[in-house]
Amino acid sequence: MPIHETERDSLIDRVNKQEKCLVQFLDSPIKYQNQQLDLVIDYYLVDDLPRELHEWTFQLVKTNLQDMYEKSKDGWSEEEKRKEMLAPQARYLIARSAIDPNDIKGFLHFQMVQEETMDDDIMANCAYCYEIQIAESARGQGLGEYMMNLLSQIGTYWKMDKVMLTVFKANEGAFRFYIKKLGFELDEISPGACLPLYKARKFDYELLSKPCI
Ligand SMILES: CC(C)(COP(=O)(O)OP(=O)(O)OC[C@H]1O[C@@H](n2cnc3c(N)ncnc32)[C@H](O)[C@@H]1OP(=O)(O)O)[C@@H](O)C(=O)NCCC(=O)NCCS
C-alpha cells in the first residue's frame, strides 16, 4: 500500500527531531579493517562534533574540492560551505586510526532530507550524502565504498527511499566511484536525466541516487 504523504512527512520529522543517534542498529564501535587500514568509524550529530574535528573536515573539503568549486558556476564560498557543514541536521561518520585517534582518514557528512521528484505531489525521503572525503593517503583502499555502504544501511534502516548526492561533472574519479563501483544512477531530477541535452549541458553537476532496499 502506498505510504500516505503525511506519514512520509512524519517519518522524516521523527528521524530529524527525535533520533539523535542513527547507527544504534550497527555493531559498536563501527570498524573498518583490511591489510592497510585499521580504523574505527565514529558517529556524531553536528552539535557533538568537536571543534578541531569540524576544522579538520572543513580543511579536507577545501584541499580536495576548492579548485573544482572555483571552476564551477557558483564558485567557492568558505562561508557557505561552513554553513552547510554546520547545518542543524548534519550528521557525520568520521574514520580514524584505531591506534591513534588523532590520525583521521576521512569522513562522510549526511542529512535526512526530503527531495523533489518528477511527480509534483510526491517528495522522496533521502539519506543525502553532502560530502564524502577521504585523505589522499587512505584512498583506493575501499574506505569510501565502506562508508557509502554504511549510509545505505542507515537509509534502509530508517526507511528512506534512496541515498542521494550531488557531484560535479568535472569530478571524473568520483563519477567512476559512484556509478561503476557503487551502482548509483542519474536521479530522475538530475539535469542529465530530466532536461534536453542542450539545457542539461549548462549544468556543471548531476544528482545521483540509489534506492534503499
Ligand atoms: C571519491 C572518493 C570518496 C573515493 O573514496 P576511496 O576510499 O578512494 O574509494 P574506494 O577505495 O572505495 O574505491 C576506489 C574507486 O573509486 C574510483 N576513483 C575515485 N577517485 C578516483 C581517481 N582519482 N582516479 C581513479 N579512480 C578513482 C575508482 O573507481 C576506484 O575503483 P577501484 O578501487 O576499483 O580502482 C575519494 O577518492 C575522495 O575522497 N576523493 C576526493 C574528494 C571527492 O571527490 N569526493 C567526492 C565528492 S562528490
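For the sequence shown, position 179 (counting from the first letter as 1) is numbered 179 according to full-length UniProt numbering, and the numbering increases by one without interruption. Note that beta-carbon positions come from the ideal geometry of N, C-alpha and C, so glycine has one too. Being a predicted model, the structure only gives us computed values, none of them experimental.
A distance below 7 Å between beta-carbons, with the five flanking residues on each side excluded, links Ser72 to the following residues of its chain, in chain order: Phe168, Asp204. Short note on Lys181: C-beta closer than 7 Å to some heavy atom of ligand 1. Rounded to the nearest angstrom, the Cβ distance from Ile154 to Val61 is 21 Å, too far for a contact under 8 Å.
According to the DSSP assignment, Ile179 belongs to no beta strand (DSSP E), since it is labelled neither H nor E. Taking 4 residues as the minimum length, the alpha helix (DSSP H) runs contained wholly in the UniProt domain "N-acetyltransferase" (51-204) are 51-71, 78-85, 143-157, 172-175, 191-194, 197-200, in order along the chain.
DSSP places Asp48 within a helical segment (H, G or I) once states are collapsed to three. Counting the other Cβ atoms within 10 Å of the Cβ of Thr63 gives fewer than 16, which makes it exposed.
In the pairwise beta carbon analysis, the segment 95-114 is classified as touching the segment 140-147: at least three pairs are separated by under 8 Å.
Burial state of Gln133 is buried, judged by a 10 Å Cβ sphere holding 16 or more other Cβ atoms. Of all alpha-carbon atoms in Leu37, Tyr130, Pro29, Arg201, the one lying nearest the alpha-carbon of Tyr43 is that of Pro29.
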